Amino acid sequence: DAGVIQSPRHEVTEMGQEVTLRCKPISGHDYLFWYRQTMMRGLELLIYFNNNVPIDDSGMPEDRFSAKMPNASFSTLKIQPSEPRDSAVYFCASSLRGPSSYEQYFGPGTRLTVT
Amino acid sequence: AQKVTQAQTEISVVEKEDVTLDCVYETRDTTYYLFWYKQPPSGELVFLIRRNSFDEQNEISGRYSWNFQKSTSSFNFTITASQVVDSAVYFCALSSLNAGNNRKLIWGLGTSLAVNP
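Encoded structure:
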């Protein structure tokens, strides 16, 4: 079975540009998570969805960040406008709904560099 | 408040040594899950194990073993006869089962393990 798919794997952009990161969760998973990882702050949860509905976006750093999940197999994380401090690795993860399925399965990540 | 502490920032061992990665957690919840994840140099995060707070039995999987002790709020991870391929950052995480369907994981900062040949 395919794991979580993220694209692009690497993104280099200039400050002020819009960046869109994409994620396809594992088929059948109904939770989707967006994380950001930096050396300074470690792994931070930005937002997560259940059945395509945002449940907790308290980790979204500011209004420049937005996330959508238009259907069960696709989600986007958008940064507009991007800033150098947004440089990080962004991970998408998904998990099943059941009470014994709390583990999250991660995609390979998107390494974002904003110059 | 919930918290996960991995006091060991970096560990360096020689191949074939046994190594234990410590994880101490804080929670007021009575039911929770604990997790270990591995992040090798390639960058992906790989799920290793989930442990339910009801189950304090230790678990062994090949060279990996996990020691869960509620009395000390610890969930330690031991690699026996370490190999170079075990070099990675290892994360411990906690998820509460009391908070409804909250699926947030509380993450430790990770322990970077270097296994040298």
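Going down the list, the protein sequences come from chains A and B. With the numbering used here, the residue at position 1 of the first sequence is 1, and numbering never jumps. Just add 1000 to wherever you are in the second sequence, counting from 1, and you've got the numbering used here. Glycine included, C-beta positions come from ideal geometry on N, C-alpha and C. Bear in mind that the values here come from a model prediction, so they are computed numbers and not experimental data.
DSSP state of residue i mapped onto helix, strand, coil
i                       : result
residue 1104 of chain B : coil
residue 1071 of chain B : helix
residue 56 of chain A   : strand
residue 1013 of chain B : strand
residue 4 of chain A    : coil
Cβ-Cβ distance between residue i and residue j below 7 Å
i                       : j                       : result
residue 18 of chain A   : residue 80 of chain A   : yes
residue 93 of chain A   : residue 77 of chain A   : no
residue 37 of chain A   : residue 110 of chain A  : no
residue 1014 of chain B : residue 1074 of chain B : no
residue 69 of chain A   : residue 49 of chain A   : yes
residue 20 of chain A   : residue 114 of chain A  : no
Enclosing beta strand (DSSP E) for residue i [first to last residue]
i                       : result
residue 1038 of chain B : 1032-1039
residue 66 of chain A   : 65-71
residue 82 of chain A   : That residue, residue 82 of chain A, is in no beta strand (DSSP E); it is neither H nor E in DSSP.
residue 1047 of chain B : 1046-1052
residue 1026 of chain B : 1024-1026
residue 10 of chain A   : 10-13
residue 1007 of chain B : Premise fails: residue 1007 of chain B is in no beta strand (DSSP E) and is neither H nor E.
Selection from the options that minimises the alpha carbon distance to residue i
i                       : options                        : result
residue 1034 of chain B : B:1013, B:1053, B:1086, B:1088 : B:1053
residue 1012 of chain B : B:1092, B:1082, B:1004         : B:1082
residue 30 of chain A   : A:113, A:108, A:8, A:71        : A:71
residue 1116 of chain B : B:1027, B:1086, B:1051         : B:1086
residue 1004 of chain B : B:1112, B:1048, B:1095, B:1069 : B:1095
residue 75 of chain A   : A:83, A:32, A:114              : A:32
residue 1027 of chain B : B:1040, B:1114, B:1112, B:1107 : B:1107
residue 34 of chain A   : A:96, A:21, A:46, A:14         : A:46
residue 61 of chain A   : A:95, A:82, A:14               : A:82
residue 112 of chain A  : A:95, A:23, A:9, A:43          : A:9
residue 44 of chain A   : A:58, A:5, A:54, A:69          : A:58
residue 1077 of chain B : B:1032, B:1029, B:1055, B:1038 : B:1038
Chain D contact residues for residue i, given Cβ-Cβ distances below 8 Å
i                     : result
residue 91 of chain A : Here chain D cannot be found, since the structure's protein chains are A and B.
(Q) With a threshold of 8 Å, are at least 3 pairs of Cβ atoms found where one atom belongs to the stretch 1064-1082 of chain B and the other to the stretch 71-89 of chain A? (A) Pairwise C-beta distances place the stretch 1064-1082 of chain B out of contact with the stretch 71-89 of chain A, as fewer than three of them are shorter than 8 Å.
- Query: Is it a yes or a no for the stretch 101-114 of chain A touching the stretch 1007-1021 of chain B, going by three-plus beta-carbon pairs under 8 Å?
  - Reply: Counting C-beta pairs closer than 8 Å gives fewer than three between the stretch 101-114 of chain A and the stretch 1007-1021 of chain B, which falls short of the contact rule.
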